[in-house]
Amino acid sequence: MESQFETQFLALRKKYIEAQFGKLNPVQRDAVFTTDGPLLILAGAGSGKTTVLVNRIANLIRFGSAHSSTYAPQGAGPEQVAELERLLHSGGEPSEALRPFLREHTVRPYNVLAITFTNKAAGELKNRLSAMLGEAGQDVNASTFHSACVRILRREAGRLGYPQSFTIYDTDDQQRAMKEVYKSMNIDDKFLPLKSAIGAIGRLKDKMISPQDAMSAPADTRAGLVAKVYDAYQKRLLQAGAFDFDDLIYATVKLLRDFEDVREYYQNRFRYILVDEYQDTSVAQFQLVYLLGGEHRNVCVVGDDDQSIYRFRGATIENILNFEQHFPGAKVIRLEQNYRSTSNILNAANCVIKNNMGRKGKTLWTENGNGEKLMCYEADSEFDEAAHVAAVIGQNVKKGAKLRDHAILYRMNAQSGPIETYFARAGIPYKIVGGQRFYDRKEIKDMLAYMSIVANEQDDLRLRRIINEPARKIGATTVQNVADIAAGLGVSMLEVIEHAPDYPALARASAALGGFWRIYRRLKEAYDTMPLDVFVSEMLEITGYRSMLEAEGEEGQTRMENIGQLVSSVKTYADQRGPEASLPGFLEEVALISDIDSYDEGADVVVLMTMHAAKGLEFNYVFIVGLEEGIFPSEMSRYSNEDLEEERRLCYVGITRAKKELYLSCANSRMLFGQTKHNRPSRFLEEIDASLVEVEQSPAAAQTKAMRQRYMQQQNAYLQTEYGAASMRSTVQAGYSARYGGASHGSGAGGASRPARQRASVGGGFSTVQAGSAASVPRTEGSGAYRPGDLVEHKVFGRGEVLKVTPVAGDTIVEIRFDTAGVKKTMANYAPLKHISE
Numbered sequence: 001m002e003s004q005f006e007t008q009f010l011a012l013r014k015k016y017i018e019a020q021f022g023k024l025n026p027v028q029r030d031a032v033f034t035t036d037g038p039l040l041i042l043a044g045a046g047s048g049k050t051t052v053l054v055n056r057i058a059n060l061i062r063f064g065s066a067h068s069s070t071y072a073p074q075g076a077g078p079e080q081v082a083e084l085e086r087l088l089h090s091g092g093e094p095s096e097a098l099r100p101f102l103r104e105h106t107v108r109p110y111n112v113l114a115i116t117f118t119n120k121a122a123g124e125l126k127n128r129l130s131a132m133l134g135e136a137g138q139d140v141n142a143s144t145f146h147s148a149c150v151r152i153l154r155r156e157a158g159r160l161g162y163p164q165s166f167t168i169y170d171t172d173d174q175q176r177a178m179k180e181v182y183k184s185m186n187i188d189d190k191f192l193p194l195k196s197a198i199g200a201i202g203r204l205k206d207k208m209i210s211p212q213d214a215m216s217a218p219a220d221t222r223a224g225l226v227a228k229v230y231d232a233y234q235k236r237l238l239q240a241g242a243f244d245f246d247d248l249i250y251a252t253v254k255l256l257r258d259f260e261d262v263r264e265y266y267q268n269r270f271r272y273i274l275v276d277e278y279q280d281t282s283v284a285q286f287q288l289v290y291l292l293g294g295e296h297r298n299v300c301v302v303g304d305d306d307q308s309i310y311r312f313r314g315a316t317i318e319n320i321l322n323f324e325q326h327f328p329g330a331k332v333i334r335l336e337q338n339y340r341s342t343s344n345i346l347n348a349a350n351c352v353i354k355n356n357m358g359r360k361g362k363t364l365w366t367e368n369g370n371g372e373k374l375m376c377y378e379a380d381s382e383f384d385e386a387a388h389v390a391a392v393i394g395q396n397v398k399k400g401a402k403l404r405d406h407a408i409l410y411r412m413n414a415q416s417g418p419i420e421t422y423f424a425r426a427g428i429p430y431k432i433v434g435g436q437r438f439y440d441r442k443e444i445k446d447m448l449a450y451m452s453i454v455a456n457e458q459d460d461l462r463l464r465r466i467i468n469e470p471a472r473k474i475g476a477t478t479v480q481n482v483a484d485i486a487a488g489l490g491v492s493m494l495e496v497i498e499h500a501p502d503y504p505a506l507a508r509a510s511a512a513l514g515g516f517w518r519i520y521r522r523l524k525e526a527y528d529t530m531p532l533d534v535f536v537s538e539m540l541e542i543t544g545y546r547s548m549l550e551a552e553g554e555e556g557q558t559r560m561e562n563i564g565q566l567v568s569s570v571k572t573y574a575d576q577r578g579p580e581a582s583l584p585g586f587l588e589e590v591a592l593i594s595d596i597d598s599y600d601e602g603a604d605v606v607v608l609m610t611m612h613a614a615k616g617l618e619f620n621y622v623f624i625v626g627l628e629e630g631i632f633p634s635e636m637s638r639y640s641n642e643d644l645e646e647e648r649r650l651c652y653v654g655i656t657r658a659k660k661e662l663y664l665s666c667a668n669s670r671m672l673f674g675q676t677k678h679n680r681p682s683r684f685l686e687e688i689d690a691s692l693v694e695v696e697q698s699p700a701a702a703q704t705k706a707m708r709q710r711y712m713q714q715q716n717a718y719l720q721t722e723y724g725a726a727s728m729r730s731t732v733q734a735g736y737s738a739r740y741g742g743a744s745h746g747s748g749a750g751g752a753s754r755p756a757r758q759r760a761s762v763g764g765g766f767s768t769v770q771a772g773s774a775a776s777v778p779r780t781e782g783s784g785a786y787r788p789g790d791l792v793e794h795k796v797f798g799r800g801e802v803l804k805v806t807p808v809a810g811d812t813i814v815e816i817r818f819d820t821a822g823v824k825k826t827m828a829n830y831a832p833l834k835h836i837s838e
């Protein structure tokens, strides 16, 4: 009889525990109820991994291993069976008497260590645990890798010769310390840029390579110097009682590895370890997890090998791919049901990612329905592409969508320039996440400042910004002295700089100031003798700005790319304005764009970001722009299968950010970094099944394609006559590739063999835009609606009177005298203007 009650009790208890996690799907519950031993949870995008983590911890603390237990607790009998039946039938909370019977080998909250990658994620985890467990939820150790290591080091740093009150150096502190090292070792920053050395040392620490190991390894001259600098730098940090950010994990691993009693203490303290985003862990982070959990093996990692996109930061996908080798006997659970996206979006993501070899394999699916097909737009140029994006957003807004429902994703920050310019002109509010507005980036503001002092020598504010950028040994005290003299004489700072030797207060700095004056004179001469875009490019050389960025390594390269996009913007402006193009005119246009862009910042806005920044986010409508070979995938991925597979994972991440609709686009030509490229559509477009995509080609792109076809036909006819048919095909193909940057494409979304569907127009909520028109979003009043004497209202500058109207390049320059802002020029097709009466 007793055995019957025990069997009945175990079945009812299992059913009761399952009911506490009834909102989870069967696979998620399997992950929650797997309590002991190593566990790898392969969590696809949008599959509810955070929910699984929270519920797994809650189960460990509330019920332990009771769900899977085959042994009834001593004393379980008719009373417990009756209460469980009542709870399952009518709900409610178990009595205090029943609670002990529901637990088996439960885990104390402080024995759980949950590691996340951001403080925000750790805070969310704790809040959700508190909601489920009350105060016990706050006792769980939920933190980032670095925070967890700091807590260990505060207790154990003395073992490594550091004080418990050690300092943590930030980036600026690192640079100051490294400058002292360079000075003591007589190292020239030009031979080994300081930031390059810091980056190289960080990578060595990520791989757990000590200064001694680095110095003993065979290396070239530069690597050998890095090793010596690394050794001197670490000694300086030890002398100062300081760790840098990379040291926190490196030193903690060293501590656990070298001191057995310390390792045993923390292995006993953290009996259950859970790690989120495991695909993004480095070698040092893996060793930390292994040292803490290798003994008891209660290590649960959650991640998605298909979303490993941070190799450039030291992440190694091998950690998740080799988890079963590191922890033999590990159980693997795949979370493949997606709660975010439609089937068409997920199937497209599956089409792309299945081409990667280095993955464990899974297929996302959903019950959300098929949804809309993906839209693939073939633009003629980057501005055509921006016009299309604006038109589609406008169309969606007319249907009731919000601006904030839309995200525009791109491979690199420099791609945001044309979109920002277009949106600002069209009056579409936007914000950049994980970056800055294009015209607010430091290097862009520096370039604009140089341009400003050439256009207006009275612009002392811009002069102050760049007089010592790059460094020219002109200190803040000297700059202030120049400003004081200029103010006293009522002249510009540049005029004082020109005659610096005449002023005793500037005697010691006169040589440096003289050097700057010569740079300024060269800029003026270049402006007077060169086309506008060539002048901006030359400005980089004259000012020394290019050399400064080249010395900054990868960071400098990114900033150079942004300046290249500025050169592209200047060239576009010059081409559009023709003879009327001028430096003051370009600066005025930029200033007006900035004013419109910042207008009503609290309003609903479109989100712009790189695909790296988009990880973990989701939007109803997602645009992935610039899907072209050499851009996405990037040019560098041509030389490495590992890099190409990471690019494909990045595409997978971008696709799976979309909930309702996904828009993909490529352009026949694109100006980047001052050069026009004719890249073929991305291979990622070709990898998507044609049945999932609806293709649209802009009229301008169709014309370009027709011209290319005519070119090939002409070449075909010529070669047929000249050489015969035998070698004609390869010769034509080579000529086409050389001229247009690629061959014909496959039958996927970007393939030329698919019939392109052309639309007459795409109706937008902001305007009516011809599909693919590079012309932009016109005002309803039209460019010819203004005459001298008209009274107008501008959203930024207020009330004004039209002074002059000049037709130019299919648009009209309207010169207006505003009551408060003075005289301004604007383009009629873009300006937020309306007629007003007296």
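Sequential numbering from 1 applies to the sequence shown in the UniProt record's numbering.
Glycine residues also receive a C-beta, built at the ideal position from the N, C-alpha and C atoms.
Quantities reported herein were computed from a predicted structural model and do not represent experimental measurements.
Rounding to the nearest angstrom, what Cα-Cα distance links Ile545 and Leu494 in this structure?
The question names Ile, yet the displayed sequence has Tyr at residue 545. If you take the alpha carbons of Tyr545 and Leu494, they lie about 20 Å apart.
Can you check DSSP and say which residues form a bridge with Glu104?
Gly64
Beta-carbon proximity of Asp460 to Ala476, cut-off 9 Å
no
Can you give the beta carbon distance from Thr35 to Asp276, rounded, assuming they're within the 8 Å contact cut?
Going by Cβ atoms, the distance from Thr35 to Asp276 rounds to 18 Å, so no, they are not a contact pair.
Beta carbon of Ala142 nearer than 9 Å to that of Leu88:
no
With burial defined as no fewer than 16 other Cβ atoms inside 10 Å of the residue's Cβ, what is the status of Asp604: buried or exposed?
exposed
I'd like to know whether the C-beta atoms of Arg56 and Ala31 end up nearer to each other than 9 Å.
yes
With distances taken Cα to Cα, identify the nearest neighbour of Phe33 among Tyr16, Ala66, Phe9.
Ala66
Please confirm whether Leu566 and Val454 have their CB atoms less than 9 Å apart.
no
Since I believe Ile816 is in contact with Gly798 (beta carbons under 8 Å), could you give me their beta-carbon distance rounded to a whole number of angstroms?
At roughly 10 Å, the Cβ-Cβ gap does not stay under 8 Å, so Gly798 and Ile816 are not in contact.
So, does the segment 617-632 touch the segment 388-403, judging by three or more C-beta pairs under 8 Å?
yes
Nearest neighbour of Phe438, chosen from Asp384, Gly400, Met609, Glu324 [CA to CA]:
Met609
Indicate the three-state DSSP secondary structure (helix, strand or coil) for Lys398 in the structure shown.
helix
According to DSSP, is Gln8 helix, strand or coil?
helix
Given this structure, state the Cα-to-Cα distance separating Leu24 from Tyr339, to the nearest angstrom.
12 Å
CA nearest to the CA of Arg257, picked from Arg648, Leu291, Asn370, Ala240:
Leu291
With a threshold of 6 Å on Cβ separation, who are the neighbours of Ser69 within its own chain once the five nearest residues in sequence on each side are excluded?
Glu104
Short of 8 Å in beta carbon distance, which residues of its chain neighbour Arg559, apart from the five on each side in sequence? Order them along the chain.
Arg441, Lys442, Glu443, Leu549, Glu552
Measuring straight from C-alpha to C-alpha, what distance separates Ala512 and Ser184?
26 Å
So for Arg465, helix, strand or coil by DSSP?
helix
Supposed close pair Ala348, Ile688 - CB separation, criterion 8 Å
5 Å
Classify Ser95 as helix, strand or coil using the three-state DSSP reduction.
coil
At what residues does the alpha helix (DSSP H) containing Lys120 begin and finish?
119-133
Compare the C-beta of Lys190 with all C-beta atoms of chain C and state if any pair is closer than 9 Å.
Note that chain C does not occur in the displayed structure, where there is just one protein chain.
Measure the C-alpha to C-alpha separation of Leu238 and Gln287 and round it to an integer number of angstroms.
23 Å
When you compare only the Cα positions, how much space is there between Pro109 and Ala131?
14 Å
Mind the definition here: the segment 623-631 touches the segment 312-322 only if three or more C-beta pairs lie below 8 Å; say whether that holds.
no
Thinking Val302 and Arg648 are a contact (beta carbons under 8 Å), I'd like their distance in whole angstroms, please.
The pair is not a contact, with the Cβ atoms about 22 Å apart (cut-off 8 Å).
Under DSSP, the beta strand (DSSP E) around Ile192 begins and ends at which residues?
The displayed chain sequence assigns Leu, not Ile, to residue 192. Unbroken run through Leu192: none, as it is neither H nor E.
For Met824, which residues does DSSP report across the bridge?
Note that residue 824 is Lys in the sequence shown, not Met. Answer by DSSP bridge pairing, in chain order: Ile816.
Quickly, what does DSSP pair Gln337 with across the bridge? List them, please.
Trp365
Does DSSP classify Ala315 as helix, strand or coil?
coil
Of the residues Tyr16, Lys660, Asn186, the one placed nearest Ser90, counting alpha carbons only
Tyr16
How about Gln337 and Leu374: do their beta carbons lie closer than 9 Å?
no
Alpha carbon to alpha carbon, how far is Arg787 from Val802?
7 Å
Residues near Lys834 in its chain [Cβ-Cβ closer than 6 Å; skip 5 each side]:
Glu793
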